[in-house]
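In the numbering used here, the protein residues as written are 14 to 222.
Just so it is clear, CB atoms sit at the ideal spot from N, CA and C, and this is done for glycine as well.
Notes follow once the structure below has been shown.
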């Protein structure tokens with residue numbers, strides 16, 4: 014975003030940054046004045062008639078902005094850095110424009126794995142969801158591994174019995190196996206776990222008529 018017209022105590026102009034706003038510092042009655050301000054986690058040296066680039070301020074084009082974090086004022090060679098003396102100092106400006114910053118590219122590489130990933134983003138992009146948040150970054154519920162139904166519990170056809178990777182539990186009577194080794198009930202009944210040798214089986218026993 015860009016801003017325009019900033020003033021230090023008397024007036025002075027500033028402008029914002031590539032990834033944010035442009036500020037234009039308006040001319041002051043005292044021409045030989047400059048200041049150092051802090052905004053967006055950075056410090057900027059400003060003077061009357063200057064245009065600077067700052068981080069996004071979230072203000073529309075043409076709106077006035079005021080910076081109250083003034084760290085230094087230099088007026089005709091007289092430098093003021095005392096926090097008490099600067100507590101009432103202000104730098105004001107006007108937003109000139111907002112622009113998207115350069116794309117930041119992130120490359121991750123795992124050595125000896127021949128594995129690399131490349132991602133990029135622009136600074137003005139927003140990823141926050143306005144209607145809430147989710148634990149896994151999606152709207153779906155997390156698919157946790159483990160036993161989902163226990164021995165003696167009544168289940169209906171299609172119910173997930175065990176989520177697993179591999180075949181720790183094997184399918185018994187009336188139990189199907191998904192492509193990801195998930196076990197599910199093929200009919201209504203009661204869950205039964207049993208061991209046959211070294212293998213564990215999950216079955217669904219039909220309810221008594």
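Under the three-state reduction of DSSP, residue 109 is assigned to strand. Ranked by how close their Cα comes to the Cα of residue 117, the residues 124, 125 and 132 have 132 in first place. Relative to the Cα of residue 70, the nearest Cα in the group 163, 170, 202 and 111 belongs to 111.
The continuous stretches of alpha helix (DSSP H) do not include residue 70, and DSSP gives it neither H nor E. Annotation: residue 49 to residue 156 spans about 52 Å, alpha carbon to alpha carbon. Here DSSP, grouped into helix, strand and coil, assigns residue 184 to strand. Taking each of 53, 190 and 61 in turn and checking the Cα distance to residue 47, the smallest one comes out for 61.
Around the CB of residue 79, fewer than 16 other CB atoms lie within 10 Å, so the residue is classed as exposed.
Residue pairing by DSSP places residue 216 opposite 205 in a beta bridge. When secondary structure is reduced to three states using DSSP, residue 97 falls in the helix class. Annotated as proximal: residue 215 and residue 196, with beta-carbon spacing under 7 Å. DSSP places residue 56 inside the beta strand (DSSP E), whose first and last residues are 55-59. Beta bridge pairing from DSSP links residue 197 with 173 and 189. For residue 157, the three-state secondary structure derived from DSSP is coil.
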